[in-house]
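Numbering (this note's numbering), first residue to last: 149 to 427. Notes to accompany the following structure.
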């Protein structure tokens, strides 16, 4: 007489985790992305309002947004270099400590100049940590699950992007523009500390520069951007130029939208409403 073999809850959970590429280290990495990302996003969208509340002007707001775009573009290079030099786990530890230092600076010194200096440390955490997180996915997941790992990372990092502005709006609605933003940074500092503990506990130590021999690639891509541009078809060149112009025009009002919505229009929206719109 045959016994019915039914899948247990544990086997089902393991099956789902295996399908999604979830291991102890990747779960720790995703938790870090959510926690530090929430801290990065909670107050970021309201920083122009905070700068105005501290006596800053339009030039300071424009400089903040320019720094955000510039640092987001270049921080991946030192992030990747440090990850290769000291390993994924240690580099993520450094990135978290740097972000925490930025949060602490804004909390302790309520001036718009301190906001600009602190922003250098925390505003582009996602960019500087991206090479290390992708490297972790590459090292701990089998080859047939790396695409799923990257997909999970892309999905999970949207959670703080959606919820962060809404939570930040609640802080401002309850405690005001100055104290609310500083308390939001306090919550960001706490979440970054929790993320640091989880990261150190759940992500294993790794050897810098370690890679699988079976994944070696003999292709040598062109690195000179001028030569790459010359290899593009006319249609691709036109697409590139149009994309640059569109993004340039998009960024002209971006940092000032929150000021316009909350301070300028005839019926200003509340911080919670703006956070909901941003979500």
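Where a beta carbon is used, it is the ideal one built from N, C-alpha and C, also for glycine.
In chain order, what residues of the same chain lie with their CB nearer than 6 Å to the CB of residue 201, ignoring the 5 residues before and after it? Excluding sequence neighbours, residue 201 sits near 325, 326.
For residue 316, which option in 171, 170, 185 has the closest C-alpha, if you only look at C-alpha atoms? 185
For residue 254 and residue 333, which I take to be in contact (beta-carbon distance under 8 Å), what is that distance rounded to the nearest angstrom? 5 Å
When you compare each of 278, 425, 192, 416 to residue 178 by their alpha carbons, which one comes out closest? 278
For a test of the three-state rule: what should DSSP assign to residue 350, helix, strand or coil? helix
Look at the alpha carbon of residue 427 and the alpha carbon of residue 313, and state the distance between them as a whole number of angstroms. 7 Å
Please look up how many angstroms separate the CB atoms of residue 337 and residue 252, rounded, as I've assumed it's under 8 Å. The Cβ separation is near 6 Å, so the contact holds.
What is the rounded straight-line gap between the Cα of residue 302 and the Cα of residue 215? 24 Å
What does a CB cutoff of less than 8 Å around residue 304 pick up in its chain, not counting 5 residues either side in sequence? 178, 181, 182
For residue 406 versus residue 193, is the C-beta spacing smaller than 8 Å? Cβ distance < 8 Å, so residue 406 and residue 193 count as in contact.
Helix, strand or coil: how does DSSP classify residue 414 here? Residue 414: coil per DSSP, three-state reduction.
By DSSP, does residue 259 sit in helix, in strand, or in coil? coil
Measuring alpha carbon to alpha carbon, tell me which of 330, 281, 296 ends up nearest residue 230. 281
Among residues of its own chain, excluding the 5 on either side of residue 322, which ones have a beta-carbon nearer than 8 Å to its beta-carbon? Cβ within range, chain order: 328.
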